[in-house]
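Heads up, our numbering is the position in the sequence shown plus 71, with the first residue counted as 1.
First comes the structure, then the notes that go with it.
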Amino acid sequence: MKTKKELKDQYKQMEFPMGVFQVKCTVNEKVLVDNSVDMESKWNRHRMELKFGNHKNKDLQSDWNNYGEDKFVVETLSVLKKSEEENVNYNKELKALQNLIIEERKIENTY
């Protein structure tokens, strides 16, 4: 059985998909575009906030309450690969990537 320290070290070694994703309402086609160094965890946070009715985006929360969870889909828009370089500011890189995607895809119907 692994020790607590070994489990922590193992967790630190894990890589999570980082990138840009969108939460899309299939009823009105509105989207929330977001980014994260751990997209799955970030989506889970959004979903839990929406389920408990305390999401910071009130328009998104309203549509979630009105249409229900089954009317929303999560789509990965871009995945950012980990760099060979050290000291990379992934949050800065992800924000730039998010802005580029919004501009290139002309995403306007947003929350």
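Using N, Cα and C, we set each Cβ at its ideal position, and we do this for glycine too.
- By the CB criterion at 8 angstroms, glutamate 100 and asparagine 180 fall inside the cutoff.
- In summary, aspartate 130 is exposed, with fewer than 16 beta-carbon neighbours lying within 10 Å of its beta-carbon over all protein chains present.
- Looking at the backbone, the Cα of leucine 168 and that of lysine 142 are separated by about 27 angstroms.
- Short of 7 angstroms from the beta carbon of aspartate 105, and not among the five residues preceding or following it, lie these beta carbons of its own chain, in chain order: Phe92, Lys113.
- In this structure, DSSP gives lysine 95 an extended state, which the three-state scheme calls strand.
- Rounded to whole angstroms, methionine 110 and glycine 90 show a C-alpha spacing of 7 angstroms.
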